[in-house]
Amino acid sequence: MGSRLVGYGSYLPEKIMTNQDFERMMDTSDEWIVQRTGMRQRHFAADNETVTDMAVMAAQRALDNANLTVDDIDLVIVATTTSELDFPSVGVQVLGALGATRDQPGFDVRGACTGYIYALHCARAFFAAGMHRRIMIIGAEKMSRFLDWNDRSTAVLFGDGAGALIFEHSTSSYSGIIDTVIMGDGKCFDMLHGTSDHRISMNGPETYKKAVTLMPEAAQYIMEHAGITAENVDWIIPHQANLRIIQSGAGRLGFPLEKIIVTVDKHANTSGASGVLAMAYAFDQGIIKKGQLILYPAFGSGLTWGASLIRV
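In the numbering used here, the protein residues as written are 6 to 317.
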């Protein structure tokens, strides 16, 4: 029992903040930011724009793309760590906002930057068990809620946005969500975490060392588990945390940079929305073609890391 991808959608807030904007706010420069991160701009949600608002926009666009209505969806899974409300889940709120009438379930997963892979892992299990026919997976984050505008080491790194993919049941195990792997190490949580006063605490050098090691390891593991090599993968969409991390991971895996989809310069790090926003961008630009195999590795707070294989 497998799945196939039938629709996608994304949403980026209107407000764009460039590196030059940060130059006017703090002791930093466009050159410093680009050299260390590859980031040039990021989108920030309006003060009254919530994670749910962005998730709903991405979800509706995915439904339109798939020519479906919300009542064609059996389950909504949202990857987010930045929802404004402790409860209810963003998943349930999305269903309500879209006017669902079938009492469909929705829930959230909190895997930080690896959240979308955790959500894909859940969806793959539901399809394998034959429990749901159509599942919408959303990544939505308002990272700007956690930014310390006096901390130049973290304030420039993050952005806001949402993306959604819709999968439906298929008898083929070689389409849709082919494989997933998720891992975690709670002993290292203090390396990167949110604080009680809603700020980001990060040990940058140590986080970098872990990311450049664990993300490629997850990618290599899932390729070996699927019985494929780098040559079989059409595109790799890594978590868009930092251009240097992406380039290092590509080198470790033997992937040419021409096969790497990069949006970190446009979106910065949107945490759990990162991979699906990059995939939606690649679809919109005509980069990804039907039938191609996509490898998506990610690393995030927790520590969490993992990878997924998706045939579109």
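All C-beta atoms in this analysis are idealised placements derived from N, C-alpha and C, irrespective of residue type, glycine included.
inquiry  = Taking the straight line between their C-alpha atoms, what separation do you get for M22 and L298?
reply    = To locate residue 22, count along the sequence shown from 1; it is residue 17. To locate residue 298, count along the sequence shown from 1; it is residue 293. Straight-line Cα distance between these residues: approximately 33 Å.
query = Q46 and K271 look like a contact to me (Cβ under 8 Å); what is the Cβ gap, rounded to whole Å?
reply = The count along the sequence shown starts at 1 and reaches residue 46 at position 41. The count along the sequence shown starts at 1 and reaches residue 271 at position 266. That belief holds up - the Cβ atoms of Q46 and K271 are roughly 6 Å apart, short of 8 Å.
task = Classify T159 as buried or exposed, calling it buried when 16 or more other Cβ atoms lie within 10 Å of its own Cβ.
result = For the purposes of this step, residue 159 is taken as the residue at position 154 of the sequence shown. Classification for T159: buried.
ask   = When DSSP builds the beta bridges, which residues end up paired with E173?
value = Against the sequence shown, residue 173 aligns to sequence position 168. According to DSSP, which records beta bridges pairwise, E173 is partnered with R9 and R139.
task = Determine which residues share a DSSP beta bridge with S313 and list them.
result = If you number the sequence shown from 1, residue 313 lands on position 308. Answer is T185 and Y301, bridged to S313.
key: Completely contained beta strand (DSSP E) runs for the region 49-137, where each covers 3 or more residues   = 80-84 and 111-114
query = Where D69 and V56 are concerned, what is the direct C-alpha to C-alpha distance, given to the nearest angstrom?
reply = One-based indexing of the sequence shown puts residue 69 at position 64. One-based indexing of the sequence shown puts residue 56 at position 51. Near 20 Å, if we compare the C-alpha coordinates of V56 and D69.
query = Cβ-heavy atom distance between T57 and the ligand PLP below 7 Å?
reply = Within the structure as shown, the ligand PLP is missing, as the structure has no ligands at all.
inquiry  = Suppose the cutoff is 6 Å on Cβ atoms and the five residues either side in sequence are ignored; what does the same chain contact list for I140 look like?
reply    = On the sequence shown, residue 140 is found 135 positions in, with the first residue counted as 1. Excluding sequence neighbours, I140 sits near L80, A128 and F172.
query = Among the residues of its own chain, which have a CB less than 6 Å from the CB of S329, if the five just before and after it don't count?
reply = Summary: the structure shown does not reach residue 329, with the chain confined to residues 6 through 317, and so no result is reported for it.
inquiry  = I need the boundaries of the beta strand (DSSP E) containing G199, first residue and last residue.
reply    = As a working note, residue 199 is residue 194 in the sequence shown. Element bounds for G199: L197 to G199.
Cutoff 8 Å; reference W154; Cβ partners in own chain excluding five residues on either side = Counting from one through the sequence shown, the residue named residue 154 turns up at place 149. Same-chain partners within the cutoff: M30, M31 and A160.
F92 classed as buried or exposed, judged by whether at least 16 other C-beta atoms fall within 10 angstroms = Counted from its first residue, the sequence shown places residue 92 at position 87. It is exposed - the Cβ of F92 has fewer than 16 other Cβ atoms within 10 Å.
message = Among W310, V267, S94 and L300, whose alpha-carbon lies nearest the alpha-carbon of T334?
response = The chain is shown from 6 up to 317; residue 334 falls before or after that span and cannot be answered.
request  = Starting from K271, follow the alpha helix (DSSP H) in both directions and report where the run begins and ends.
outcome  = Here residue 271 is taken as the residue at index 266 of the sequence shown, counted from 1. Unbroken alpha helix (DSSP H) run through K271: V269 to H272.
ask   = Within 10 angstroms of its Cβ, does Y179 collect 16 or more other Cβ (buried), or is it exposed?
value = In the sequence shown, residue 179 corresponds to position 174, counting from 1. It is exposed - the Cβ of Y179 has fewer than 16 other Cβ atoms within 10 Å.
task = Report buried or exposed for I292, applying the criterion of at least 16 other Cβ atoms within 10 angstroms of its Cβ.
result = Sequence index remark: in the sequence shown, residue 292 carries index 287 (1-based). I292 comes out exposed.
message = Here's the rule: buried if 16 or more other CB atoms are within 10 angstroms of the residue's CB, otherwise exposed. What is H244?
response = Here residue 244 corresponds to residue number 239 of the sequence shown, with the count starting at 1. By the 10 Å Cβ count, H244 comes out buried.
request  = For M136, count neighbouring C-beta atoms within 10 Å of its own C-beta (all shown protein chains included) and say buried if the count is 16 or more, exposed if not.
outcome  = One-based indexing of the sequence shown puts residue 136 at position 131. Exposed, because fewer than 16 other Cβ atoms sit within 10 Å of the Cβ of M136.
request  = Could you name the residues that DSSP lists as bridge partners for A167?
outcome  = Mapped onto the sequence shown, residue 167 falls at position 162. Looking at the DSSP assignment, A167 forms a beta bridge with Y16 and A145.
query = Closest to Q65 by CA distance: which of I251, S177, V99 and I82 is it?
reply = Counting from 1 along the sequence shown, the entry for residue 65 is found at position 60. Ranking the options by Cα distance to Q65, first place goes to V99.
ask   = Exposed or buried, which one is L162 when buried takes at least 16 other CB atoms within 10 Å?
value = Here residue 162 is taken as the residue at index 157 of the sequence shown, counted from 1. L162 is buried by the Cβ-count criterion.
inquiry  = Going by the DSSP bridge assignment, what does I241 pair with across the sheet?
reply    = Walking along the sequence shown from the start, residue 241 turns up at place 236. For I241, which the question treats as bridged, DSSP gives the partners I265 and L300.
inquiry  = Let's see if you can read the secondary structure: which residues bound the alpha helix (DSSP H) around S34?
reply    = To locate residue 34, count along the sequence shown from 1; it is residue 29. Premise fails: S34 is in no alpha helix (DSSP H) and is neither H nor E.
ask   = Buried or exposed: where does G111 fall if 16 or more other Cβ atoms within 10 Å of its Cβ makes it buried?
value = Start at 1 with the first residue of the sequence shown, and residue 111 comes out as number 106. Buried.
Nonlocal neighbours in the same chain, by C-beta distance under 7 Å from V97, ignoring five residues either side = For the purposes of this step, residue 97 is identified with residue 92 of the sequence shown, where counting begins at 1. Result list for V97: G111, in chain order.
ask   = What residues match up with R47 in a beta bridge as DSSP calls it?
value = Against the sequence shown, residue 47 aligns to sequence position 42. BP columns for R47 point to M22.
inquiry  = Less than 8 Å between the C-beta atoms of A255 and I265, yes or no?
reply    = Residue mapping note: residue 255 aligns to position 250 of the sequence shown, counting from 1. Residue mapping note: residue 265 aligns to position 260 of the sequence shown, counting from 1. Their beta carbons are under 8 Å apart, which means A255 touches I265 by this criterion.
Cβ separation of P18 and G166, assumed to be a contact under 8 Å, to the nearest whole Å = Taking the sequence shown and counting its residues from 1, the one referred to as residue 18 is at position 13. Taking the sequence shown and counting its residues from 1, the one referred to as residue 166 is at position 161. Confirmed, Cβ separation roughly 7 Å.
request  = For H126, I'd like the list of residues in its chain whose CB is within less than 6 Å of its CB, leaving aside the five on either flank, ordered along the chain.
outcome  = Taking the sequence shown and counting its residues from 1, one reaches residue 126 at position 121. These residues qualify, in order along the chain: T185 and I187.
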